[in-house]
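Just so you know, the sequences run in chain order U and P.
Quick note on this note's numbering: the first sequence kicks off at 997 and runs consecutively.
Quick note on this note's numbering: the second sequence kicks off at 213 and runs consecutively.
Please read the structure below before turning to the comments.
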Amino acid sequence: MKVGLFITCVNDMLYPGTGIAVTRVLERLGHTVEFPLGQTCCGQMHANSGYAELAKPIAEQYVRVFDGFDAIVAPSGSCVAMVRDQYPHLVPGSADVVARTYELSELLVDVLGVTDTGARFPHRVTYHPTCHGLRLLHLGDKPLQLLRAVRDIELVELEGAQECCGFGGTFALKNSGVSTAMLEDKCANIRRTGADLVVAADNSCLTHIGGGLSRLRAGIRALHYAEVLAA
Amino acid sequence: MTDFPAAAKVQLAKPQLRANLRHATHTIRDKRLRVVGELDDWEQLREAGRAIKADVRRRLPELLIQFEEKATAAGAVVHWARDAAEANRIVADLARAKGVDELVKVKSMATQEIGLNEALEAEGITAYETDLAELIVQLAHDTPSHILVPAIHYNRTEIRDIFVKEMHDAPAGLTDEPATLAEAARLHLRKRFLSATLGVSGANFAIADTGTLVVLESEGNGRMCLTLPETLISVVGVEKLLPSYTDLEVFLQLLPRSSTGERMNPYTTMWTGVTPGDGPSEVHIVLLDNGRANVLADPVGRQALACIRCSACLNVCPVYERTGGHAYGSVYPGPIGAILAPQLSPGEHESLPYASSLCGACYEACPVKINIPEVLIHLRQRTKHPAGERAAMGLMAWVMRNPRRYAAALRSARLGTGPLAAFVHKGPGGRRVLRRAPWPASKWTVSRDAPLPATETFREWWIRERS
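Shown next as structure tokens:
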């Protein structure tokens, strides 16, 4: 299958390792990954912050660039949710590209029927289901199905897992105080698991959680689960 | 004008409040999940609730006229109020005509929305709240902080102190045992019920095909106010209509489970006009618009009118849980308040649509499937943005709609962080992070380290490795 990789702007700039991991996992499974260089961003920040008119040309560009792929995969629950929930109103005629855009675990589990990516990861790991993955994309336990198939991984349950970490895009800046209060509780729950790493399906949430853990010098790393599946 | 971030800061600094709220919201949240889980047709019930409310919005004028006809035929007097001032005037004039200077009240959001108690006070009429939590708030000279549990911000010790200080007939040696506190309130209120000649209520539902009003409650105070006084006045938002009596089948299942987490509420009172020899001999209904017609005109925002005031969205909201209701500066707090208040009073609550991380917990819990995140995003489009933010967003969009400019921006972001070298530390996994940054990035670094751009972007890696 010819899969178009939508890296997302956050991953492109801050987390290239996540994109490399997605590429390796899909190639290991015998698929062809393409990275169209005309891509930039999904427009989520603009649309969700009250600038839908500025998001529109960005969204139109996405639809143009990814037209014609069998499947488009993005290692970000919130960017896929942006495409799926908002593009139909924002970009007329986008239905086809929207329907073929998947979050990584959707592509692997639902489309390709894979749970074992052949990875080995000998660490104690806890999983945070991000809000948009959980409640907008309804990923359910798909990322966990993939993680459970990883050899030598020790998965530990996270208390209050379904509660938001407090990121919320520009919410983290506009309502920094409330966001921080939410982050404190999330970090405390993560520390109680005794995990070496916290993994999730969205590097923007992980930037928030990881930034909090780093500030607390908790010695816990935040990592995209794609990098575990590629290990 | 609500400034949510500033008001939230004040509330966040109260550890007792946060502990009270956390305990209370998690208790109700867990109860709701348990009783909702008992029904295997819960999703169908939600869909039915949504559909009935959508039908009401489409047919509102005809349903209102039908309701007026039926209620009038049954002996009620129907009044129409365009706004808060008109509604308050109607109630005050009726009270004066009866020559009363005090009345008893059933808990009602509509009368809070119009500031009825304050308007009556200005005319020398005292309105006594009889719901236990409303009584606590009234005695404390405070305002409610939750739609269903107005005194959620107090714990029992604080409530005891309020009773001792403010309730003139509080028994000596009052403890903070819940049963003792409830008994003190019961004795205090009983005198009010027995002497009142005028009762004021809202309504949970108004049935168009029968002219019936419906009130759901837990304490029996509502039943007292609705049946004992000679005159009853009910202030009802026009969106409270249901087309048919049989629609209650859906809503009497949705509301108690979503609000108090009970299978059924203890008291359901229904009345249709006047029944000679049974209950009030004079029944008035004030149908209230107060901005609702404007909300109805907005194709996305109008779904907020489906709200049945259950509070499930407040109880699951991570923002509400940390700030409480007062930070919202609106009678309607929490996620529903963040979409209702700015629509009912345009221009007054512009910061509220941003008081959400868009986590979606509210939408998932809403018994009538109001897509609160969708309305929040919709309302954000029409707020006035700060000039600096608007410029920054414009610049970023200009960069992002062109791949060349975008690739160049990624490169310069890496170079641009050079001058911040003094604030760079080594984070987990050897990643270089910023501990401090100038405004506005300082709003991030106040509590989180910020990662620096990677030494090679993904597209640079791809070009190097694959092309």
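Glycine included, C-beta positions come from ideal geometry on N, C-alpha and C.
Excluding sequence positions up to five away, which residues of its chain have a Cβ less than 7 Å from the Cβ of residue i?
i	result
Gln465(P)	Leu257
Ala1157(U)	His1124, Pro1125
Leu1140(U)	Tyr1123
Cys1160(U)	Cys1127, Met1178
Gly449(P)	Ala322, Leu500, Arg504
Glu431(P)	Asp343, Leu344
Ala382(P)	Phe375, Val376, Ala396
Gln278(P)	Ala420, Asp421
Ser1101(U)	Leu1135, Lys1138, Pro1139, Leu1142, Ala1197
Leu406(P)	none
Quick one: what does DSSP say residue i is sitting in, helix, strand or coil?
i	result
Lys1170(U)	helix
Glu370(P)	helix
Pro663(P)	strand
Ile680(P)	The structure shown does not extend to residue 680(P), since chain P spans only 213 to 679, so no value can be given for it.
Gly432(P)	coil
Met997(U)	coil
Glu1159(U)	coil
Phe1065(U)	coil
Trp292(P)	strand
Glu389(P)	coil
Ser1101(U)	helix
Ala307(P)	helix
Ser1200(U)	helix
Thr214(P)	coil
I'd like the list of long-range same chain contacts for residue i, defined as Cβ closer than 6 Å, with 5 residues on each side in sequence excluded.
i	result
Ser446(P)	Ser413, Ala415, Leu425, Ile497
Ser1090(U)	Val1059, Tyr1083
Arg1217(U)	Leu1193
Pro547(P)	Cys525, Cys529, Cys574, Ile584
Could you round the C-beta distance between residue i and residue j to whole angstroms and report it? I think they count as a contact, below 8 Å.
i	j	result
Phe1062(U)	Lys998(U)	Rounded, the Cβ-Cβ distance is 11 Å, inconsistent with contact.
Val1121(U)	Leu1151(U)	6 Å
Leu1010(U)	Ala666(P)	6 Å
Leu556(P)	Leu276(P)	Actually they do not touch by this definition, with Cβ atoms about 18 Å apart.
Leu351(P)	Glu378(P)	4 Å
Arg317(P)	Glu341(P)	Checking the sequence, you will find Lys at residue 317(P) rather than Arg. Going by Cβ atoms, the distance from Lys317(P) to Glu341(P) rounds to 5 Å, so yes, they are a contact pair.
Thr484(P)	Ala286(P)	5 Å
Would the beta-carbon of residue i fall within 8 Å of that of residue j?
i	j	result
Cys519(P)	Leu564(P)	no
Pro631(P)	Val645(P)	no
Phe635(P)	Ala620(P)	no
Ala1191(U)	Ala1115(U)	no
Pro545(P)	His353(P)	no
Thr439(P)	Gly491(P)	yes
Val462(P)	Gln515(P)	no
Ser654(P)	Thr1176(U)	no
His538(P)	Gly1046(U)	no
Gly639(P)	Ser1210(U)	yes
Glu677(P)	Pro1012(U)	no
Gly1162(U)	Ser569(P)	yes
Asp1008(U)	Leu622(P)	yes
Closest Cβ-Cβ distance between residue i and chain U: below 8 Å?
i	result
Asp661(P)	yes
Ala236(P)	no
Ile589(P)	yes
Leu224(P)	yes
Leu632(P)	no
Cys571(P)	yes
Glu576(P)	yes
Arg534(P)	yes
Glu474(P)	no
Tyr618(P)	yes
Glu668(P)	yes
Taking 8 Å as the CB-CB limit, is residue i close to chain P?
i	result
Glu1159(U)	yes
Cys1037(U)	yes
Gly1026(U)	no
His1124(U)	no
Asp1008(U)	yes
Phe1117(U)	no
Ile1016(U)	yes
Val1121(U)	no
Asn1171(U)	yes
Ser1210(U)	yes
Asn1185(U)	no
Ala1043(U)	yes
Quick one: residues in its chain with C-beta nearer than 8 Å to the C-beta of residue i, no 5 flanking neighbours on either side, listed in chain order?
i	result
Glu1153(U)	Thr1122, Thr1189
In chain C, what lies closer than 9 Å to residue i by C-beta?
i	result
Thr595(P)	No chain C appears in the structure shown, which is made up of the protein chains U and P.
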